[in-house]
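> The opening residue of the sequence shown carries number 8 in this note's numbering; numbering runs sequentially from there. Heads up, the beta-carbon is just placed ideally off N, CA and C, and yes, glycines get one too.
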Amino acid sequence: MPSTRQRNTVLAAAATASAGALTFVAPPSTPSAARIEPGVAAGHAAQAQPQTSMGAATVGAAVLAAGCAARVTAKGKGQRKAVKVAAVSTDTEVETDCINSIRFLAVDAVNKANSGHPGAPMGQAPIGYLLFAEEMAYNPKDSSWCNRDRFVLSSGHGCMLQYSLLHLAGYDSVAMDDLKQFRQWGSKTPGHPENFETDGIEVTTGPLGMGISNAVGLAAAEAHLAAAYNKPDFTLIDHYTYTIAGDGCMQEGISHEACAYAGHLGLGKLIAFYDDNGITIDGHTDLSFTEDVGKRFEAYGWQVLVVDKGDEDVDAIRKAIAEAKACTDKPTLIKVKTTIGFGSPNKADSHDAHGAPLGADEAEATRKQLSWNYGEFEVPEHVYAAFKKQADAGAAKQAEWDKLFAAYKEKEPELAAQFERAVLNRKLPENWDECLPKLTEKDNGKATRLHSQDCLNAIAPVLPEFMGGSADLAPSNMTLMKCTGDFLKDSYSERNFRFGIREFGMGAVCNALSLDKTGIIPYCATFTIFTDYMRSAIRIAALSQAGTIFVTTHDSIAVGEDGPTHQPIETIPSLRLIPDLTVMRPADGNETAGAYKYAVERSKNESRPTMMAFSRQALPNLPNSSIENTLKGAYAVVECSDPEVIIVGTGSEVHVCVDAAKSMDQKVRVVSMPSVEVFRAQSDSYKESLLPKGVPTLSVEAACTSGWDEFSTAQVGINVFGASAPGGTCLEKFGFTAENVKECAEKCLKGETGVLSDGTQGKH
């Protein structure tokens, strides 16, 4: 490293030699020499547009001067010491310009939209620069390349960081006009990152903590695929998952669940940056958040590194990433101390930079503070060149990967064929569904959770991409696959996930397994009532088009003795309100098999979620039930022409409806409706033929009656909380008997409408 005297001498010589000088702002940090890779400085200098013309000797002196320029530590909000050097791009100067380009694209877009969060991108810009211009392997022309590095912005409100990076990296999905349409109707740059809207976004983030939890799932996918497919001479899967999370992410409970799980699994390819800027909407975090996050993550089993000056010390972040990669048996948290709104003279380090535009005057002041002599939405060409270099390197890596896979197919034909089908093409095998059980009315009945177990274990050997687990309820949910072991630190090739009592984190991890774009079909399981713990993950699955299969059991008051805390009442009807989520409540074995056929194909072919609710208690197999009929959403289990009354049941109540119909003198059609959403999608002619208008129709479900007036003129349900008693007793007391259904059907025939039985008779 040149001495201080040498650096000062060269700087002085450069300043003297130059006829005209401009102000170069050296990024302050601990003193270190500029990093100049062979050929890079010359290349960038050729592309730059200096403000003065200089001779060759002057240019050479200026390059050397800038190359030796010391980074200095500054005090105050975003202050940086200026050094006069000649107008020429060096590697360090390009680095600074790249970082400031990210900052000001964020500032300008938020200002133009008059809405958004500029502060976080201004502080996080050095991290984003290093990832997209130096560290990550990615190809903007093929965002689904299976061995790309993954990036998740968990602090999704700062999404202008990600949009700026995607734009600079060359993704067609984020042109400059898209940045100018930030947060506007129809734009590709919505207010939080949306994977279904913007190519290059891995997962949808926004609810804080969700993104870092998704990152755990992406890293788990990498670990599994690497263990399942890599061979000594063929490393098909070898990539990193990076995420940036903020103070809010660290406070949300989901981050505790997922990050503790990541530490338990030892996911060494997961690198998380904690943007420790100390600001939330309310103000400084010491109002409510004083724990030592680093010690917390160390307790989880993570490696924890610290960068004290993340706004400026790019080398320190670079070294931390290298150290993180060197640790292969633990995930790494890099705690980066940043300044929200870095560079803003009046709003840095305050909540004023968090959720509101800087404004035109403050943006101009920030430009002066950071010596950014470019206009709004203006990016120097050498900045684009720097990011293009990394994108081109990613494309070259993908080309090398293609050659590797061609050789892999020669050496490992069976595994290669499986990889090509399941991972690359993301297709199901021909006739895969022939593995599903088929039953008759004469077969012994059992709880649909046991039928679910049969289906899971029929599917598992046929679909190696099928994997998942339960929130510490596997013996109750019946969700263990017998053909594989546990996905743990030393056994990533196995497929039974042991999520522990972490429903919310479990849901986010499984969503990411699907959104990894490697063909994984994930499922996760808990009691139906505890979907409330992961409801946001279920909602995000539907929004972000994640093909997660949510398996739930103990779906009604028939749970029994555990009482109303564990008995779902409003749960299933409320889940039906989530757009693009299909809810399945099977009534017997064939309907369970039909539900799995639907869910697996929807996950693999459409990347859409399905929620299934299974019974704890045994149920008989129904007449006319089949996989094919289940896929209609509703069908007649007891048919008759010109019915006088129709009784519609779902799940465990269908057989009660059948028994009620048998005891009636009138012509009764009994309909099983395992899925409201699937039935809605049928043709109008089919729906009218099954539920003709003008025929009195009674719905029966052991849940809230809300919503059933869409299909029925009268309802039997439970609009009160349950009670602790044997399951059969609860069903009887709250009105789910053939006798009560018959009585209500007869009232319906007489013209009575609305809720005819709401469970209040069972209160004591």
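Exposed or buried, Gly74, counting other C-beta atoms within 10 Å across all chains shown (16 or more means buried)?
Looking up residue 74 in the sequence shown gives position 67. A caution first: Gly74 carries a pLDDT of 36, below 50, which makes its placement in the model unreliable, though a value can still be read off. By the 10 Å Cβ count, Gly74 comes out buried.
> Looking only at its own chain, which residues have a Cβ that is under 6 Å from the Cβ of His104, when we skip the five neighbours before and after it?
Translated into positions along the sequence shown, residue 104 becomes position 97. Correcting the residue type first, residue 104 is Asp in the shown sequence and not His. Excluding residues within five positions, the ones whose Cβ falls inside 6 Å are Pro387, Val390.
> Please report how far the alpha carbon of Met257 lies from the alpha carbon of Thr339, in whole angstroms.
As a first step, residue 257 must be located in the sequence shown, where it is residue number 250. As a first step, residue 339 must be located in the sequence shown, where it is residue number 332. Each residue's alpha carbon lies about 15 Å from the other.
> In three-state terms, what does DSSP make of Met541?
As a working mapping, residue 541 is identified with position 534 in the sequence shown. DSSP places Met541 in helix when its eight states are reduced to three.
> What do you reckon, are the CB atoms on Gly216 and Glu259 nearer than 8 Å?
Walking along the sequence shown from the start, residue 216 turns up at place 209. Walking along the sequence shown from the start, residue 259 turns up at place 252. Yes, Cβ-Cβ distance for Gly216 and Glu259 is below 8 Å.
> Measuring only the C-alpha atoms, how far is Ala752 from Val652?
To locate residue 752, count along the sequence shown from 1; it is residue 745. To locate residue 652, count along the sequence shown from 1; it is residue 645. Going from the Cα of Ala752 to the Cα of Val652 covers about 7 Å.
> So, with DSSP's three-state summary, where would you put Asp179?
Position 172 of the sequence shown, counting from 1, holds the residue named residue 179. Residue state, collapsed to three classes: coil.
> Taking the straight line between their C-alpha atoms, what separation do you get for Tyr178 and Lys187?
For this step, residue 178 is matched to residue 171 along the sequence shown. For this step, residue 187 is matched to residue 180 along the sequence shown. The straight-line gap from Cα to Cα measures roughly 16 Å.
> Quick one: complete alpha helix (DSSP H) runs, 4+ long, within the segment 180-240?
As far as the segment 180-240 is concerned, its whole alpha helix (DSSP H) runs of at least 4 residues are 183-187, 217-236.
> Determine the contact status of Asp562 and Ile579, defining contact as a CB-CB distance below 8 Å.
The residue given as residue 562 occupies position 555 in the sequence shown. The residue given as residue 579 occupies position 572 in the sequence shown. In contact: Asp562 and Ile579 (Cβ atoms closer than 8 Å).
> Under 8 Å, do Met474 and Met513 count as touching if we go by C-beta distance?
Counting from 1 along the sequence shown, the entry for residue 474 is found at position 467. Counting from 1 along the sequence shown, the entry for residue 513 is found at position 506. Against a cut-off of 8 Å, the Cβ pair of Met513 and Met474 comes out as no contact.
> Locate the beta strand (DSSP E) running through Arg676, then write down its first and last residues.
Position 669 of the sequence shown, counted from the start, is the residue given in the question as residue 676. Residues 675-679.
> Return the CA-CA distance between Trp379 and Glu100, expressed in angstroms with no decimal places.
Stepping through the sequence shown from its first residue, residue 379 is reached at position 372. Stepping through the sequence shown from its first residue, residue 100 is reached at position 93. Their Cα atoms are separated by approximately 12 Å.
> To which residues of the same chain is Asn221 closer than 6 Å at the C-beta, ignoring the five residues directly before and after it?
The sequence position of residue 221 within the sequence shown is 214, counting from 1. Cβ neighbours of Asn221 beyond the five flanking positions: Val159, Val210, Ala515, Ala519.
> Does the segment 338-357 touch the segment 277-289, meaning 3 or more C-beta pairs lie closer than 8 Å?
Contact holds: three or more Cβ-Cβ distances are below 8 Å.
> Work out the CA separation of Gly275 and Phe304 for me, nearest whole Å.
Within the sequence shown, residue 304 is the residue found at index 297, counting from 1. Within the sequence shown, residue 275 is the residue found at index 268, counting from 1. Taking the straight line from one Cα to the other gives about 14 Å.
> Quick one: what's got a C-beta closer than 7 Å to Leu422's C-beta in the same chain, skipping five residues either side?
As a working mapping, residue 422 is identified with position 415 in the sequence shown. Once the five neighbours on either side are set aside, the close Cβ partners of Leu422 are Tyr236.
> Out of Leu168, Val702, Gln191, Gly163, point me to the one whose CA is closest to Phe139's CA.
For the purposes of this step, residue 139 is taken as the residue at position 132 of the sequence shown. Closest by alpha carbon: Leu168.
> Using the DSSP secondary-structure output, state which residues sit across from Ser764 in a beta bridge.
Reading the sequence shown from its first residue, position 757 is the one you call residue 764. Val723, per the DSSP bridge assignment.
> Quick one: what's got a C-beta closer than 6 Å to Val677's C-beta in the same chain, skipping five residues either side?
Locating residue 677 in the sequence shown gives position 670, counting from the first residue. Closer than 6 Å at the Cβ level, and outside the excluded window around Val677, lie Val644, Val645, Ile654, Cys664, Val665, Ala668.
> Quick check on Pro529: does DSSP put it in helix, strand or coil?
By 1-based counting over the sequence shown, the position of residue 529 is 522. It is a strand residue.
> Alpha carbon to alpha carbon, how far is Val430 from Trp152? Give it in angstroms, no decimals.
Working through the sequence shown from its first residue, we reach residue 152 at position 145. Working through the sequence shown from its first residue, we reach residue 430 at position 423. Cα-Cα distance, rounded: 10 Å.
> Which runs of the beta strand (DSSP E), 3 residues or longer, sit entirely within the segment 240-278?
DSSP runs (the beta strand (DSSP E)) wholly in the segment 240-278: 248-253.
> If I measure Cβ to Cβ from Asn484 and keep anything under 6 Å in the same chain, skipping five residues before and after, which residues do I get?
On the sequence shown, position 477 is the one that residue 484 refers to. Only Ser477, Ala532, Thr560 meet the Cβ criterion.
> So, at 7 Å on beta carbons, what are the nonlocal neighbours of Leu487 in its own chain, with the 5 sequence-adjacent residues on each side left out?
The residue labelled residue 487 in the question sits at position 480 within the sequence shown. Excluding sequence neighbours, Leu487 sits near Ala481, Asn503.
> DSSP on Thr491, reduced to helix/strand/coil?
Here residue 491 refers to the residue found at position 484 when the sequence shown is read from its first residue. Looking at Thr491 - three-state DSSP - the assignment turns out to be coil, as it is neither helix nor strand.
> Hey, how far is the Cα of Asn451 from the Cα of Pro681?
Taking the sequence shown and counting its residues from 1, the one referred to as residue 451 is at position 444. Taking the sequence shown and counting its residues from 1, the one referred to as residue 681 is at position 674. Between Asn451 and Pro681, the C-alpha separation is close to 20 Å.
> Enumerate, from N- to C-terminal direction, the unbroken alpha helix (DSSP H) stretches of 4 or more residues contained entirely within the segment 108-153.
Runs of the alpha helix (DSSP H) inside the segment 108-153: 126-137.
> Could you tell me whether any Cβ in chain C is nearer than 8 Å to the Cβ of Thr637?
As a matter of chain content, chain C is missing from the structure shown, which is built from one protein chain.
> According to DSSP, Leu705 sits in a beta bridge with which residue or residues?
Locating residue 705 in the sequence shown gives position 698, counting from the first residue. Looking at the DSSP assignment, Leu705 forms a beta bridge with Ile654, Ala721.
> Exposed or buried, what is Arg78 when buried is set at 16 or more other beta-carbons lying within 10 Å of its beta-carbon?
Within the sequence shown, numbered from 1, the residue matching residue 78 stands at position 71. Low local confidence applies: a pLDDT of 31 at Arg78 is under 50, so the model's placement there is unreliable, with the coordinate-based value given in what follows. Arg78 should be labelled buried.
> Can you tell me which of the three DSSP states Asn636 falls into?
Along the sequence shown, one-based indexing puts residue 636 at 629. Helix, per DSSP.
> Grouping DSSP H, G and I as helix and E and B as strand, with all else coil, what is Thr292?
Your numbering for residue 292 matches position 285 in the sequence shown. If DSSP states are grouped into helix, strand and coil, Thr292 belongs with the helices.
> In terms of residue numbering, what span does the beta strand (DSSP E) encompassing Asn503 cover?
As a first step, residue 503 is located in the sequence shown; it is residue number 496 there, counting from the start. Note, Asn503: beta strand (DSSP E), 503-505.
> Rounded to the nearest angstrom, what separates Ala329 and Tyr247 at their Cα positions?
Stepping through the sequence shown from its first residue, residue 329 is reached at position 322. Stepping through the sequence shown from its first residue, residue 247 is reached at position 240. Answer to the nearest angstrom: the Cα atoms are 12 Å apart.
> If you run the structure through DSSP and keep just helix, strand and coil, what is Arg615?
Along the sequence shown, read from residue 1 onward, the residue named residue 615 stands at position 608. In this structure, Arg615 counts as coil in the three-state DSSP scheme.
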